[in-house]
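Numbering (the numbering used here), first residue to last: 80 to 504. Below: one structure, written as structure tokens.
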Amino acid sequence: MKILVVGGGGREHALAWKIAQSPLVDELWCAPGNAGMASVAECVPIGAEDIAALADFAQEKGIDLTVVGPEAPLVAGIADFFRERGLAVFGPSREAARMEGSKHFAKQVMLEARVPTGRAEAFIDYDRAADCVRRGRPPYVVKADGLAAGKGVVIAQDDRAAYEALKACFLERRFGEAGEKVLIEEFLTGYEVSVLTFVDGDKILPLAPAQDYKRVGDGDTGPNTGGMGSYSPVPVISREEYRRVVEEILQPTAWALAKRGIHYRGILYAGLILTDKGPKILEFNVRFGDPETQAVLPRLRSDIVPAMLATVEGRLAEVELEWRDDPCVTVVVASGGYPADYRKGFPISGLDEASSMEGVVIFHAGTRQGKGGEVLTDGGRVLNVSALGKDFREARERAYRAAERINFDDAYYRRDIALRAIEPA
Ligand code: GLY
Numbered sequence: 080m081k082i083l084v085v086g087g088g089g090r091e092h093a094l095a096w097k098i099a100q101s102p103l104v105d106e107l108w109c110a111p112g113n114a115g116m117a118s119v120a121e122c123v124p125i126g127a128e129d130i131a132a133l134a135d136f137a138q139e140k141g142i143d144l145t146v147v148g149p150e151a152p153l154v155a156g157i158a159d160f161f162r163e164r165g166l167a168v169f170g171p172s173r174e175a176a177r178m179e180g181s182k183h184f185a186k187q188v189m190l191e192a193r194v195p196t197g198r199a200e201a202f203i204d205y206d207r208a209a210d211c212v213r214r215g216r217p218p219y220v221v222k223a224d225g226l227a228a229g230k231g232v233v234i235a236q237d238d239r240a241a242y243e244a245l246k247a248c249f250l251e252r253r254f255g256e257a258g259e260k261v262l263i264e265e266f267l268t269g270y271e272v273s274v275l276t277f278v279d280g281d282k283i284l285p286l287a288p289a290q291d292y293k294r295v296g297d298g299d300t301g302p303n304t305g306g307m308g309s310y311s312p313v314p315v316i317s318r319e320e321y322r323r324v325v326e327e328i329l330q331p332t333a334w335a336l337a338k339r340g341i342h343y344r345g346i347l348y349a350g351l352i353l354t355d356k357g358p359k360i361l362e363f364n365v366r367f368g369d370p371e372t373q374a375v376l377p378r379l380r381s382d383i384v385p386a387m388l389a390t391v392e393g394r395l396a397e398v399e400l401e402w403r404d405d406p407c408v409t410v411v412v413a414s415g416g417y418p419a420d421y422r423k424g425f426p427i428s429g430l431d432e433a434s435s436m437e438g439v440v441i442f443h444a445g446t447r448q449g450k451g452g453e454v455l456t457d458g459g460r461v462l463n464v465s466a467l468g469k470d471f472r473e474a475r476e477r478a479y480r481a482a483e484r485i486n487f488d489d490a491y492y493r494r495d496i497a498l499r500a501i502e503p504a
């Protein structure tokens, strides 16, 4: 069969790498892809948000299944557009994608599903929101309702920071429409864990848990990023807590969506926090996590394509997944300066040597091919070095040894990824 992967980051490289291993796949395309994806698929220069051009391409090539990586095209309705044209697509409809596209919508579904989550109030003007801050006690979580490129959530430690966050949304309109509605949420403390699940209507098929590192610096310091590393599984989540996540959060959420008449088809990502009162849901996303996917998929023994097809065809109940016991650690190698200003266009060396090391697989995130065929840096997060090992110690050693082999000007990575899986705090 013919598959198209939409997107061009580390998550999409991991998806394409896994899909390419399926004996069911004859031809694989990526749009737009990156220099690494070009080794497992044919890259076509169509942007991930150019929905009409993607559908034209899928029709022209007779694509059997399109797998959508990023949230923006899903929230914009790529799945509806494809389905209206009779094209099979792995990803939720525009209505279902509001689980990520509107924090208020997601919170309403959480309440309908009666899943454990923080208290929240929604506001559409500054004065009422500021009044809520005056009445409350910090810290607060201030969330722009819509998609804000990962910058729409502020943990406000005091009232002043909360007012600033509200001003940014309502008065400065820093996030445009996405900030026209704001949620002020209770701040919860505990370990954060991501559990993703395939969802086909009211059927779910959860994946192994993962943890990502959002801050740029060691010890969780510095500004938030798109993710500086990840690991899977997550020793801190007990079997009992995982069972509760599945039975008390993921399944009721799928039921609540189905009750609303929404047939969700794709991945639902639960961002969770393990509180002393049990797991609670912080947020939902409507696609694979980045960089969680880069640590989860190397552990998946099963072919991923049958699970994707079953999701799309309403047969998810027929599928089971098999996992390796070996943990996986993913270190993100970034451009120095990221997430603020950084330079790009630098040649990368050491890729072949690093990727031939035992247990190691390298997913490209922000790379492109130069005119002479060399690989150049082309983004803030450049490479994801993933490594499997018999335990976390070995997986870490392998990932870091491989990362050391990779060189480009200004390269930067955190040194403490997965350390807490070996030495929990
Ligand atoms: N790792 C966070 C995300 O994918 O949104």
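Ideal placement from N, C-alpha and C gives every residue a C-beta, glycine not left out.
Residues lining the ligand GLY by the Cβ criterion, that is a Cβ closer than 6 angstroms to any of its heavy atoms, are ASP291, GLY306, ASN364, GLY368, ASP369 and GLU371 in chain order.
GLU191 carries a helical assignment under DSSP once its states are collapsed to helix, strand and coil. A straight line joining the alpha-carbon of ALA132 with that of PHE471 spans about 43 angstroms. Look at THR372 here: in three-state DSSP terms it is helix.
Here GLU163 is exposed: its Cβ has fewer than 16 other Cβ atoms, across all protein chains shown, within 10 Å. Taking the Cα of ASP135 as reference, the smallest distance to any Cα among LEU83, VAL439 and LEU262 is reached at LEU83. In the pairwise beta carbon analysis, the stretch 278–285 is classified as touching the stretch 332–349: at least three pairs are separated by under 8 angstroms. For LYS222, the secondary structure class from DSSP, reduced to helix, strand or coil, is strand.
With respect to GLN373, SER435 sits apart: the two C-beta atoms are not nearer than 7 angstroms. The C-beta separation of ARG484 from ALA433 comes to about 4 angstroms, placing the pair in contact by the 8 angstroms criterion. Taking the C-beta atoms as reference points, ALA386 is found no nearer than 7 angstroms to PHE487. Counting only runs that start and end inside the stretch 372–434, the beta strand (DSSP E) elements of at least 3 residues fall at 407–414. Per DSSP, the continuous beta strand (DSSP E) segment holding GLY345 begins and ends at 344–354. Counting only residues of its own chain and dropping the five nearest sequence neighbours on each side, GLU91 has a CB closer than 6 angstroms to the CB of VAL84 and GLY148. Annotation: CYS109 to TYR479 spans about 28 angstroms, alpha carbon to alpha carbon. The Cβ atoms of ILE234 and PRO218 sit closer than 7 angstroms to each other. Unbroken alpha helix (DSSP H) stretches of 4 residues or longer found wholly inside the stretch 144–215: 150–154, 157–163, 177–180, 182–192 and 205–214, given in chain order. Pairwise C-beta distances place the stretch 181–192 out of contact with the stretch 164–171, as fewer than three of them are shorter than 8 angstroms. Of the candidates ASP143, ALA175 and GLY87, the residue whose Cα lies closest to the Cα of VAL365 is ALA175.
Across the structure, ILE125 and PRO111 are spaced so that their CA atoms are roughly 5 angstroms apart.
Of GLU265, SER311, GLY87 and PHE367, the smallest CA-CA separation from CYS407 is found for SER311.
Secondary structure at ALA444: coil, using DSSP grouped into helix, strand and coil. Taking the C-beta atoms as reference points, ALA227 is found nearer than 7 angstroms to ALA257. By the criterion of a C-beta distance shorter than 6 angstroms, ASP457 is surrounded in its chain by LYS423, GLY445, THR446 and ARG447, once the five residues flanking it on both sides are discounted. ILE352 sits close to GLU271, with the two beta carbons spaced by under 7 angstroms. Nearest Cα to VAL412 within the set VAL295, ALA151 and ASN463: ASN463. In this structure, the CA atom of GLY229 is about 22 angstroms from the CA atom of ILE130.
The secondary-structure analysis by DSSP pairs ILE283 across a beta bridge with VAL278. Of the candidates ALA474, VAL461, ILE157 and SER428, the residue whose Cα lies closest to the Cα of GLY452 is SER428. GLU264 sits in a strand when the DSSP states are folded into three classes. If you look at GLU362, you'll find it in the beta strand (DSSP E) that goes 357–364. In this structure, DSSP gives ASP457 a state outside helix and strand, which the three-state scheme calls coil. If you check the CB distance, GLY86 and HIS443 do not come in under 7 angstroms. Straight across, the Cα-Cα distance linking GLU191 with PRO171 is about 19 angstroms. Here ALA500 is near PRO314, since their CB atoms are less than 7 angstroms apart.
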